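Residue 239 in numbering that gives the first Met the number 0 sits at position 240 of the sequence shown, and the numbers go up by one each step.
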Amino acid sequence: MGGSLRSWSPDISCRTRSKVRERTGESTRRLTNRPPMQYTQRPDLYDLIHPEDFMPGEREFYLALAREAGGPVLELAYGTGRVGLYLARHGIEVVGLDLSASMLGRARQVLAGEPLEVSRRVTLVEASMADFDLGRRFGLIYVPFRAFLHLRTQEEQRSCLRRVADHLTDGGRFAGNFFQPNPLLLPSYSSVRVDGTKATPDGGRVVQSHWCPRSDLVEQSKLVLMRLERFDAAGRLVESGVHDLELTWIHGREWRLLLEIEGFELERLEGGFQGQSLHEGDEYVWVARRR
Numbered sequence: 000m001g002g003s004l005r006s007w008s009p010d011i012s013c014r015t016r017s018k019v020r021e022r023t024g025e026s027t028r029r030l031t032n033r034p035p036m037q038y039t040q041r042p043d044l045y046d047l048i049h050p051e052d053f054m055p056g057e058r059e060f061y062l063a064l065a066r067e068a069g070g071p072v073l074e075l076a077y078g079t080g081r082v083g084l085y086l087a088r089h090g091i092e093v094v095g096l097d098l099s100a101s102m103l104g105r106a107r108q109v110l111a112g113e114p115l116e117v118s119r120r121v122t123l124v125e126a127s128m129a130d131f132d133l134g135r136r137f138g139l140i141y142v143p144f145r146a147f148l149h150l151r152t153q154e155e156q157r158s159c160l161r162r163v164a165d166h167l168t169d170g171g172r173f174a175g176n177f178f179q180p181n182p183l184l185l186p187s188y189s190s191v192r193v194d195g196t197k198a199t200p201d202g203g204r205v206v207q208s209h210w211c212p213r214s215d216l217v218e219q220s221k222l223v224l225m226r227l228e229r230f231d232a233a234g235r236l237v238e239s240g241v242h243d244l245e246l247t248w249i250h251g252r253e254w255r256l257l258l259e260i261e262g263f264e265l266e267r268l269e270g271g272f273q274g275q276s277l278h279e280g281d282e283y284v285w286v287a288r289r290r
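Below, the structure is given as C-alpha cells:
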C-alpha cells in the first residue's frame, strides 16, 4: 500500500505579524508557525472530493459581491482556487491567502493551465488568516467554505477580524459562510459515516468517510477524523489514510457580537446562498461592513 497519509497534531501559534512581498501567481513567506491541517497535504484528492460546484450558489454569491466592490478582492483560505479562480475567470483581480504550501502549490498548477489573462489576475500569498499584513486595502474580503471555523480560539477569531478590518477600505465588506450548529451533530460519535465517492481519472474511485472521537460542548470545538481510501480501476485498495480536521463552531448571536466588538456592522445573515431565512437553511451566510 503506497502513499499513505501521515498523522500529526497541529500546533497553533499566531502571535507575530510581518509584511509579505507579493508576486503574481506565487506565494512568498509564511507569517506563522502554525502548520496547516493534515487534509491539505493531499490537494489532488481534496479537489476530487470538493468539485467546483460543491456548494451550489456559493461562487455566484461571492462573484456578485466582488462586482459590487469594483476592485481587487482578498480571499482568505484560498485553497486550490475553487472560488477565487471562478472570480478571476469573470474578470476579478483576486489575492488568495492560505497557510498551506501544498494547497497553494496545487493552485499554481491549476493556474498554469488557465489563459494568461486569467492567471495574471491571481496573486497567491502563504500566510495565516489570523496574522497577515499585505500593506494594501480591499473593497471585499471573504472567507468561503466554512474556513473561519478553523480558527479554534476566540483570540484567533478576533485577531482575524482585526486584520480584516485593517485591510478593508472605508465601508468595505467582509463576507463568508459557515454551518449552523446542529445539536444532533455536535456530540462525539464513533460510528463511521461515509461522505461520498468520487471517480478518479484512471478509472478508480476515492471514498471519504469520517467519525468524531472528541467534541467539547463547552469550548465549542471538535476533532473529526477523515479517512480517504483510493481504489484502482480493478477495485483494489491502493492507498488509505486517516487525517485530522479540528474546528470550532459559532452560533448566530455569538457571531453578531464578535463582529460588533471588532468594528463591523452586520448587513445580512441568511440561511443559505439563495437568501433562505435562518430557519429554512442550515448555513450562516453573512455580509458585514467595516464601520
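C-beta: ideal position from N, C-alpha, C; glycine also. The structure presented is a predicted model; accordingly, all values stated were derived computationally and were not measured.
- One thing to note: Gly203 has its Cβ no nearer than 9 Å to the Cβ of Trp285.
- The region 236-247 and the region 218-227 touch, with no fewer than 3 CB-CB distances between them shorter than 8 Å.
- Boundaries of the alpha helix (DSSP H) harbouring Gly104: 100-111, taken from the DSSP string.
- Between the alpha carbons of Thr168 and Val94 lies a gap of roughly 15 Å.
- Selection Val109, Ala87, His209, Gln156 evaluated against Ser187 yields His209 as nearest (Cα-Cα).
- Straight across, the Cα-Cα distance linking Gly104 with Thr79 is about 8 Å.
- With a contact defined as Cβ atoms closer than 8 Å, Arg162 and Asp130 qualify at about 7 Å.
- Contiguous alpha helix (DSSP H) elements confined to the region 94-182 occur at 100-111, 115-118, 153-166, taking only those with 4 or more residues.
- In the structure shown, Trp248 adopts coil according to DSSP, grouped into three states.
- Rounded to the nearest whole angstrom, the C-alpha separation of Gly70 and Tyr141 is 14 Å.
- At the C-beta level, Glu57 and Asp97 stay beyond 9 Å of one another.
- The Cβ-Cβ distance between Asp281 and Gly270 falls below 9 Å.
- Residue Val206 holds the alpha-carbon nearest to the alpha-carbon of Arg192 among Pro180, Leu115, Val206, Glu59.
- Pro180 has its alpha-carbon roughly 17 Å from the corresponding atom of Phe272.
- For Ala63, the enclosing alpha helix (DSSP H) starts and ends at 57-68.
- Judged by DSSP secondary structure, Ala287 falls within the beta strand (DSSP E) whose first and last residues are 282-289.
- Distance between Leu133 and Asp52, taken at the CA atoms: about 30 Å.
- Counted as a single uninterrupted DSSP element, the alpha helix (DSSP H) harbouring Gly83 occupies residues 83-88.
- The C-beta of His250 has fewer than 16 other C-beta atoms within 10 Å across all chains shown, which makes the residue exposed.
- Assigned with DSSP and collapsed to three states, Glu228 falls in strand.
- Rounded to the nearest angstrom, the gap between the Cα atoms of Met102 and Leu75 is 13 Å.
- Between the alpha carbons of Arg290 and Gly195 lies a gap of roughly 42 Å.
- Taking a 10 Å sphere around the C-beta of Arg41, we find 16 or more other C-beta atoms and assign the residue as buried.
- Annotation: Phe230 to Ala198 spans about 9 Å, alpha carbon to alpha carbon.
- Approximately 5 Å separates the beta-carbon atoms of Gly171 and Gly138; this is inside 8 Å, confirming the contact.
- The beta-bridge partner set that DSSP reports for His242 consists of Met225.
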